[in-house]
Amino acid sequence: MNKGNRGCIERAHLRKAKRSQQKLLDKFLEYPEVSLIDIGQKTDKKGQKQIVLRIHLNEIWDNTPEKKRLTFPGKVDEFPIELVRGAINNEKAPKTLCLSIYQLKEPLSHE
Numbered sequence: 304m305n306k307g308n309r310g311c312i313e314r315a316h317l318r319k320a321k322r323s324q325q326k327l328l329d330k331f332l333e334y335p336e337v338s339l340i341d342i343g344q345k346t347d348k349k350g351q352k353q354i355v356l357r358i359h360l361n362e363i364w365d366n367t368p369e370k371k372r373l374t375f376p377g378k379v380d381e382f383p384i385e386l387v388r389g390a391i392n393n394e395k396a397p398k399t400l401c402l403s404i405y406q407l408k409e410p411l412s413h414e
């Protein structure tokens, strides 16, 4: 997965991650609890970068009783899933945030 000494993600591996992300988008983005589904990186204990799929959950998920909450798989294909809790503040999103617009339920504002 890693390429060279800089820890860059190989393009083929990133393409696989995008296909896995699309599976999550198709299945979960319609739920009001889900704000965004994106691809991120996580550094493991050995210092290796790993691609993760992140599902951003808003306060609806937090306010739902645990037994009734929407549940997610631990991974899709080979990619682990991380749940990110807390609403995304679209008005204060950094200009460096690069996301495909189809991933968002509302457009980001960059004022």
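Sequence positions in the sequence shown follow my numbering and run 304 to 414.
Where is the CB? At the ideal position from N, CA and C, for every residue including glycine.
Counting the other CB atoms within 10 Å of its CB gives Asp341 a total of 16 or more, which places it among the buried residues. Sixteen is the threshold: since fewer than 16 other Cβ atoms of the shown chains lie within 10 Å of the Cβ of Arg322, the residue is exposed.
Here the C-alpha atom of Lys345 lies approximately 14 Å from the C-alpha atom of Lys378. DSSP places Arg388 inside the beta strand (DSSP E), whose first and last residues are 382-388.
In terms of Cα proximity to Val337, the closest of Lys371, Val355, Ile354, Glu362 is Glu362. Exclusion of the five residues before and after Ala320 leaves Ile342, Ile354, Phe382 as the residues of its chain whose Cβ lies within less than 6 Å of its Cβ.
Taking a 10 Å sphere around the C-beta of Arg357, we find 16 or more other C-beta atoms and assign the residue as buried. Around the CB of Gln351, fewer than 16 other CB atoms lie within 10 Å, so the residue is classed as exposed.
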